[in-house]
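Quick notes on the structure that follows.
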Amino acid sequence: MESIHLASTEIYSILSAILWLIIGVVIMRYGNRIRMEKGQSDGKAVSFWGLVMFVNAALVVYIPDIMLAWMIAIVLFLISLIILLIYQYKQKKCK
14 MESIHLASTE
24 IYSILSAILW
34 LIIGVVIMRY
44 GNRIRMEKGQ
54 SDGKAVSFWG
64 LVMFVNAALV
74 VYIPDIMLAW
84 MIAIVLFLIS
94 LIILLIYQYK
104 QKKCK
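Add 13 to a position in the sequence shown, counting from 1, and you land on the number used in the numbering used here.
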C-alpha cells in the first residue's frame, strides 16, 4: 500500500513540475515578445519571473511532501509577482 502512495506522489510531483515549466516557458517566451512590441521590455522582469517558475518546478520535484512543495511554490509565485509589479512601477515612475 505504501508503494502505491509513493508512486502516486511521484506522478503528482512530476506533473506539477511539468505544469510549472510550461508556465515558465510561456511567460519567458510570450511575455517578452508582448512587452517588446509595446516598447516596454528590457527583458529583466519577464526573465526573472520565468526563472521563478523554473525554481518552482525544481521545488515541486525535490520536496517529497507535495502539499508543502505547492505551498512554497505558490508563495514564491506571489512574491515574484509583487517584485515584478514594484519593478514595473519604478520603471514607469522614472519615465
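Just so it is clear, CB atoms sit at the ideal spot from N, CA and C, and this is done for glycine as well.
CB contact flag (residue i, residue j, <8 Å)
i, j, result
"S29", "F61", "no"
"W140", "V73", "Outside the shown range of the chain, which is 14 to 108, sits residue 140, and nothing can be said about it."
"M66", "I36", "yes"
"G63", "I40", "yes"
Enclosing alpha helix (DSSP H) for residue i [first to last residue]
i, result
"Y100", "I79 to C107"
Residue i (DSSP reduced to helix, strand or coil)
i, result
"M14", "Unreliable positioning characterises M14 in this predicted model, as indicated by a pLDDT of 45, which lies under 50. The coordinate reading is nonetheless provided below. Coil at M14, not helix or strand."
"I31", "helix"
Decide yes or no for the touch test of the region 76-88 against the region 97-106: beta carbon pairs closer than 8 Å, at least 3 of them.
-> They do not touch, by the three-pair rule.
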